[in-house]
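Sequential numbering from 0 applies to the sequence shown in numbering that gives the first Met the number 0.
Glycine included, C-beta positions come from ideal geometry on N, C-alpha and C.
Structure first, then comments.
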Amino acid sequence: MKDQMMNISLSKTTICISFLLLLLQPIAGKSLPQIVSFEKGFTQLFGGDSNLLRSHNDNTVHLHLNQYTGAGFRSSDLYNHGLFSARIKLPSEYTAGIVVAFYTSNGDVFEKSHDELDFEFLGNIKGKPWRFQTNLYGNGSTSRGREERYTLWFDPSKAYHRYTILWTSSKIIFYIDEVPIREILKSDEMGSDFPSKPMALYATIWDASNWATNGGKYKVNYKYAPFVTEMTDLVLHGCVSDPIQQLTTDDNCVQMDKQLETIHYNNVTPKQRASMKRFREKYMYYSYCYDALRYPVPPPECVIDPLLRQRFKETGRPKFDRRHHRHSKKGHQIFSNTVYEIQDED
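The structure is reproduced here in structure tokens:
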């Protein structure tokens, strides 16, 4: 009897393990490339030891903003295309005037012809949702910023969520968790504005009181400092490239480009494409393609959806104002020489 009970117990255990393995199979197929520790892949930009804190296992970084400075880091290498990802938890409570940025750039190397891909999280007053934008610049096209702005379907300060930028020779996809939120295909219409030179990955938190929240209406209130954003499980997956040698063909980079074209994140499934469509219809509240004040004739790569055009017209486009000013590299990284202010509505 005892042996029978033991056999039944073992059978149940075997069934449970098999079921769990079955559940994990699709997840394993979607796994990201290897996580990179801070020591192995990154270097501090600014902020000092008190504003950039690393975990004991070196996989998590806390970036602090106080009345003295923000904080930031960048990848030690530049990459010729790649997958860049991190699980991020944003500051909570009152966060007006704060920008947390997770982006790729080569502005330090190509000052007048830089490329850039941005996730920029724009703080807000207490009780209001975090807003964020994606953007891209190619070949120094700072007068042709391609911003889109959105709200989130969750509170990004309550838990970690994964934010991913996939950049290949043919497309760019921004992801939140497993949801693609924006896809940009390389096209003849976009021409040299499609990012093409090696870029590094950056992460920063800084005071953008003059524009981040409602066009500068709400400033950073340091009564609530320090403001802390947490980043963990960082991924750098691409071909390390010397920008000076960027025009030479490297067999390793060719192979990596082919691998990136077949990676899970490059192949958007019909279900994911439906999720992206729902996200953009429900949560996107600004798109440069529908900003007739800025672009009376939409940029040539824009495919205008008559329903979206009508929706933006009915809700009112955000006010737009051009202001030319240069950010200090010491305080935070340059996002672009020309900053286009898109004022959000309450």
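Proximity winner among the options, relative to residue i (alpha-carbon distances)
| i | options | result |
| --- | --- | --- |
| Ser36 | Asn58, Ser49, Leu77, Thr268 | Asn58 |
| Trp205 | Ile97, Ile262, Gly214, Gln33 | Ile97 |
| Gln132 | Leu307, Asp176, Tyr282, Gln43 | Tyr282 |
| Ser168 | Val267, Met255, Glu146, Asn105 | Met255 |
| Gly237 | Trp166, Pro297, Ser191 | Trp166 |
| Thr268 | Val178, Ser286, Lys222 | Val178 |
| Glu280 | Asp48, Asp304, Val296 | Asp304 |
| Ser274 | Tyr217, Gly214, Trp152 | Trp152 |
| Gly46 | Phe226, Lys276, Gly40 | Phe226 |
| Thr150 | Tyr136, Thr141, Phe118, Leu135 | Phe118 |
| Asn134 | Val302, Pro295, Tyr287, Tyr294 | Tyr287 |
| Lys222 | Ser54, Pro295, Tyr67 | Tyr67 |
| Lys125 | Asn266, Cys252, Lys218 | Lys218 |
| Gly69 | Asp76, Gln43, Ile262 | Gln43 |
| Asp48 | Lys257, His63, Tyr294 | His63 |
Spatial neighbours of residue i in its chain, beta-carbon cut-off 6 Å, leaving aside the 5 residues before and after
| i | result |
| --- | --- |
| Leu184 | Lys170 |
| Val302 | none |
| Phe311 | Tyr289 |
Contact check, residue i vs residue j, beta carbons under 8 Å
| i | j | result |
| --- | --- | --- |
| Pro242 | Leu116 | no |
| Val234 | Ser84 | yes |
| Pro32 | Leu82 | yes |
| Met198 | Ile87 | no |
| Ala351 | Phe72 | Here the chain has residues from 0 to 345 only, and residue 351 is not among them. |
| Leu306 | Tyr289 | no |
| Ile180 | His160 | no |
| Asn50 | Ala224 | no |
| Arg148 | Asp192 | no |
| Tyr285 | Glu182 | no |
| Ser240 | Tyr78 | yes |
| Glu188 | Pro299 | yes |
| His80 | Leu259 | yes |
| Gly215 | Ser208 | yes |
For residue i, three-class secondary structure by DSSP
| i | result |
| --- | --- |
| Val60 | strand |
| Tyr109 | Residue identity differs from the one stated: residue 109 is Phe in this sequence, not Tyr. DSSP places Phe109 in coil when its eight states are reduced to three. |
| Asn251 | helix |
| Ala207 | coil |
| Arg53 | strand |
| Asn213 | helix |
| Gln33 | coil |
| Tyr221 | helix |
| Glu300 | coil |
| Gln309 | helix |
| Gly46 | coil |
| Glu92 | coil |
| Gly69 | coil |
Same chain only: Cβ atoms within 7 Å of residue i, ignoring 5 sequence neighbours per side
| i | result |
| --- | --- |
| Asn123 | Thr94, Ala95, Trp129, Arg130, Thr212 |
| Ser91 | Ser156 |
| Phe112 | For clarity, residue 112 is Ser in the given sequence; the question names Phe instead. Here the set comprises Asn138, Gly139. |
| Glu38 | Asp57 |
| Leu89 | Val99, Phe120, Trp129, Pro155, Ser156, Thr228 |
| Tyr264 | Leu82, Thr163, Leu165, Ile172, Tyr174 |
| Asp232 | Ile34, Asn58, Ala85, Arg86 |
| His61 | Leu52, Val227, Glu229 |
| Phe278 | Val178, Ile180 |
| Lys196 | Asn105, Phe109, Asp114, Pro242, Gln245 |
| Lys328 | For Lys328, the predicted structure reports a pLDDT of 37, less than 50, and the residue's modelled location is therefore unreliable. A value from the coordinates is still provided. Excluding residues within five positions, none has a Cβ falling inside 7 Å. |
| Ile262 | Leu82 |
Contacting residues, own chain, Cβ-Cβ under 8 Å from residue i (five flanking each side not counted)
| i | result |
| --- | --- |
| Pro25 | With a pLDDT of 33 at Pro25, under the threshold of 50, the modelled position of that residue is not reliable, and no figure is offered here. |
| Gln271 | Glu177, Val178, Pro179 |
| Ala158 | Lys88 |
| Cys252 | Asn79, His80, Cys238, Ser240 |
| Ser186 | Phe193, Glu300 |
Short CB-CB distance (under 8 Å) between residue i and chain C
| i | result |
| --- | --- |
| Ala70 | As a matter of chain content, chain C is missing from the structure shown, which is built from one protein chain. |
Complete runs of the beta strand (DSSP E) confined to the region 121-205 [at least 3 residues]: 130-136, 147-150, 160-166, 170-175, 178-184
Could you tell me which uninterrupted alpha helix (DSSP H) segments, each at least 4 residues in length, are contained entirely in the region 253-292, listed from first to last along the chain? 269-282
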